[in-house]
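Worksheet: the structure to be examined is printed underneath.
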Amino acid sequence: MESKILKLNSKGFLSQRGFTLVELYIVMAIIVVMFLASYIILNPFTLKQKTRDDKRLSDISTLDRAINEYFVDTATYPDIVNTLRKSNTIPTGSTGPVENSITGWINQDLSPYTTKLPTDPVNDSIYYYSYKRSAKGYEIDAKLEYYSNYSRDDGGNDSNLYETGIDLTVM
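For the sequence shown, counting from 1, position 46 maps to 46 in the UniProt record's numbering; every step adds exactly one.
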């Protein structure tokens, strides 16, 4: 036998306590809308892209600073003229690992200027840092995932890459 609790309300009428299905559906709809709105605003995939690009921009700045400090001390830029270096490849004759500031992906001892050479957060065949020097300057490039306007507005000759350095026509 099923029993229901019925009580008299303040006006003397019988009332049942609880939620109707309509009320439950309304609350569930509000929760779904709030979840979707927060997911659109805080898209985790976009947040990861932004985070990786922030690291890339910071790394490129660190590398640019180290190369300029090297130039101040030696009056030349590191590595061999017109030789392309990529952060996902160890140069011939280097022992690595790629982030080692002495034997890493730039074939020059940069240990007085940085503790380790920055490498791309992904560091694969698509996302990597590249460095090349010419007789009059150098260029550092990185492919960005989210901040594409940085690549277009950097003053370089490739709108798909973020470029920095003294000579943005080297690559």
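Think of the CB as a built atom: it goes at the ideal place given N, C-alpha and C, for glycine as much as any other residue.
The count of Cβ pairs closer than 8 Å, one atom from the segment 18-27 and one from the segment 96-105, stays below three, leaving the stretches out of contact.
In this structure Arg85 is in contact with Tyr131, their Cβ atoms being roughly 5 Å apart against a cut-off of 8 Å. Ile31 has its alpha-carbon roughly 39 Å from the corresponding atom of Ser151. In this structure, DSSP gives Val98 a state outside helix and strand, which the three-state scheme calls coil.
Ile90 and Gly96 have their C-alpha atoms spaced approximately 6 Å apart. With fewer than 16 other Cβ atoms inside 10 Å of its own Cβ, Pro44 counts as exposed.
Residue pairing by DSSP places Thr164 opposite Ile140 in a beta bridge.
The C-beta separation of Asp141 from Asn88 comes to about 13 Å, leaving the pair out of contact by the 8 Å criterion. With a threshold of 16 other beta carbon atoms within 10 Å, Val170 meets it and is buried. Comparing alpha carbon positions, the residue from Met34, Gly165, Gly93, Lys50 closest to Ser148 is Lys50. Taking a cut-off of 8 Å on C-beta distances, the segment 32-40 does not touch the segment 63-81, as fewer than three cross pairs fall below it.
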